[in-house]
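Before any comments, here is the structure.
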Amino acid sequence: MTKFRPCIDLHQGKVKQIVGGTLRDDGPGPRENFVASAGAGEFAAKFRADALTGGHIIKLGPGNDEAAREALAAWPGGMQIGGGIHADNAREWLDAGASHVIVTSWLFEGSKFSEERLRRLVDTVGAERLVIDLSCRRTASGWTVAMDRWQTLTDLDVTPEVLSRLAPFCDEFLIHAADVEGLCRGIDGELVRILGDWGGCPITYAGGAATMADVEQVDTLSGGKVDLTVGSALDLFGGSGIRYDELVDWNRRG
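Quick note: to get this note's numbering, add 681 to the position in the sequence shown (first position is 1).
This is the structure in structure tokens:
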């Protein structure tokens, strides 16, 4: 059964919900759906109290380390951490309380995938503590992994063959559908179906969930093999489409 996995997205030290396609290094600031007054630790403590496991903290750019450490301290071993992770600092974040480290951009040199870097990371932390982030955008070839906060397309596509190739090096995959992230207009059902048909190891999908019907759709399309993160639509983050308590109850029913 599909499980809800919580998320804490950090931008400039605050818990936020951002439209994924607007997060850029140049030009105006990102479009923000929500900025929390509560600290990251308060959200992590709530997820811990409700026994929501396998969630993730994503640092979107600089200035987020203190907030990330606050969240990890509120739930040691309870959440994963991503954003600026590489072989030289990954162990530091595990020691700070992360259950896993999540890595995307560092696995690429320029925009080309580096198996040497992946092997170095596995040697450092072990495949059992690594989540490979294959967040992607729709392209002419299907779905192409995007790095640097989804700004730069790489040479790696999200396909069953690529998932099978990378699965021995990690414990899970995290996949944001960046084109629908933060828009609350529905999930990328085609991508979810492909991920579920593969089903070789745990996968968390993020992007576009707007109602409980979307949660149910992920469960149906993936055969219950793909978990789901809900962000901007969640009342916990200022949304109106999905109630947090509904998702807690959903997980308990499973």
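Virtual Cβ for every residue (Gly too), placed ideally from N, Cα, C. If you're wondering where the values come from, they're calculated on a predicted model, not measured in any experiment.
Quick check: what's the CA-CA separation for residue 741 versus residue 715? 14 Å
Whole-number beta carbon distance between residue 684 and residue 908, since they are thought to touch under 8 Å: Indeed, because the Cβ distance is near 5 Å, the residues count as touching under 8 Å.
Measure the Cβ-Cβ separation of residue 822 and residue 838 and say whether it is below 8 Å. Yes, these two residues count as a Cβ contact at 8 Å.
Residues that residue 886 bridges to, as DSSP identifies them: 856 and 909
Could you tell me the distance, in whole angstroms, from the CA atom of residue 871 to the CA atom of residue 729? 32 Å
Does the separation of the CB atoms of residue 885 and residue 927 fall below 8 Å? no
Rounded distance between the beta-carbons of residue 739 and residue 788, thought under 8 Å: Not a contact, Cβ separation roughly 16 Å.
Every unbroken alpha helix (DSSP H) within the segment 784-836, with a cutoff of 4 residues, ordered by chain: 796-806
Given 8 Å, three or more beta-carbon pairs between the segment 782-798 and the segment 817-835: Proximity of the segment 782-798 to the segment 817-835 meets the contact definition, three or more beta-carbon pairs being nearer than 8 Å.
Tell me, to the nearest whole angstrom, how far the beta carbon of residue 856 is from that of residue 816; I am working on the premise that it is less than 8 Å. 6 Å
Option in 911, 924 and 775 with minimal Cα separation from residue 763: 775
Hey, would you say residue 887 sits closer than 8 Å to residue 910, going by beta carbons? yes
Under 8 Å, do residue 696 and residue 726 count as touching if we go by C-beta distance? no
Using a 10 Å radius around the Cβ and a threshold of 16 neighbouring Cβ atoms, would you call residue 930 buried or exposed? So residue 930 counts as exposed.
What is the C-beta distance between residue 848 and residue 882, in whole angstroms, given that I count them as a contact (C-beta under 8 Å)? 5 Å
Hey, how far is the Cα of residue 850 from the Cα of residue 922? 36 Å
As an exercise, report each continuous alpha helix (DSSP H) stretch of at least 4 residues that is fully enclosed by the segment 692-757, in chain order. 721-730 and 746-755
Rounded straight-line distance, which links the Cα of residue 737 to that of residue 873: 19 Å
Could you spell out where the alpha helix (DSSP H) holding residue 875 opens and where it closes? 870-879
Beta-carbon contacts of residue 828 that lie in its chain and below 6 Å, excluding the five residues immediately before and after: 785, 786, 789 and 835
Reducing DSSP to helix, strand and coil, say where residue 782 ends up. strand
Unbroken alpha helix (DSSP H) run spanning residue 893, endpoints: 893-902
Local Cβ density within 10 Å of residue 711, reported as buried at 16 or more and exposed below that: It is buried - the Cβ of residue 711 has at least 16 other Cβ atoms within 10 Å.
Can you check DSSP and say which residues form a bridge with residue 690? 739
What separation, rounded to the nearest whole angstrom, lies between the Cα atoms of residue 732 and residue 783? 21 Å
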